[in-house]
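Chemist: Here it is, the structure in full.
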Amino acid sequence: MTLEDVKKELKISNNKLDDKLDRLILLSKSMVEMETQRTIEEIEELFPESPEIIYQSRLMFIEDYKNYTGNLSDKKIEINSKGSYYLLAPFRKEFV
Numbered sequence: 072m073t074l075e076d077v078k079k080e081l082k083i084s085n086n087k088l089d090d091k092l093d094r095l096i097l098l099s100k101s102m103v104e105m106e107t108q109r110t111i112e113e114i115e116e117l118f119p120e121s122p123e124i125i126y127q128s129r130l131m132f133i134e135d136y137k138n139y140t141g142n143l144s145d146k147k148i149e150i151n152s153k154g155s156y157y158l159l160a161p162f163r164k165e166f167v
């Protein structure tokens with residue numbers, strides 16, 4: 072159960088308590104983001120080639136997809152400059 076779930080369950084009417092819960096929620100999100108960034112940095116220190124490996128694996132997937140479909144002109148896939156790619160669904164983008 073997350074802090075947001077707790078807030079909904081309590082149905083808080085006290086503005087002061089509501090504000091404190093909102094700050095706790097923001098703090099918990101920022102702590103998760105900081106920890107995620109720190110983990111990424113540690114991995115990059117241990118394996119300096121990891122971003123290049125990830126980039127190359129994405130390019131290999133794109134090449135395989137292109138070979139399977141014949142081309143990318145059907146707009147089922149979109150590539151950004153970092154090598155990230157999106158499979159395009161009819162009404163939304165799904166990150167792969």
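Here my numbering is used: the first residue of the sequence shown is 72, the next is one more, and so on. Ideal Cβ positions, reconstructed from N, Cα and C, are used throughout, including at glycine. As the structure is a computational prediction, the values presented were derived from the model and not from experiment.
Taking the alpha helix (DSSP H) that T107 falls in, what are its first and last residues?
Modeler: Locating residue 107 in the sequence shown gives position 36, where the first residue counts as 1. Here the alpha helix (DSSP H) through T107 covers N86 to L117.
Chemist: So what does DSSP say about E134, is it helix, strand or coil?
Modeler: Translated into positions along the sequence shown, residue 134 becomes position 63. Helix.
Chemist: In chain order, what residues of the same chain lie with their CB nearer than 6 Å to the CB of K78, ignoring the 5 residues before and after it?
Modeler: Translated into positions along the sequence shown, residue 78 becomes position 7. The residues are L92.
Chemist: Looking at S121 and E111, is the spacing between their C-beta atoms short of 7 Å?
Modeler: In the sequence shown, counting from the first residue as 1, residue 111 sits at position 40. In the sequence shown, counting from the first residue as 1, residue 121 sits at position 50. The question names Glu, yet the displayed sequence has Ile at residue 111. No, these two residues do not count as a Cβ contact at 7 Å.
Chemist: Taking 6 Å as the cut-off, is the C-beta of L130 nearer than that to any heavy atom in the ligand NAP?
Modeler: In the structure on display, the ligand NAP does not appear, and there are no ligands present to speak of.
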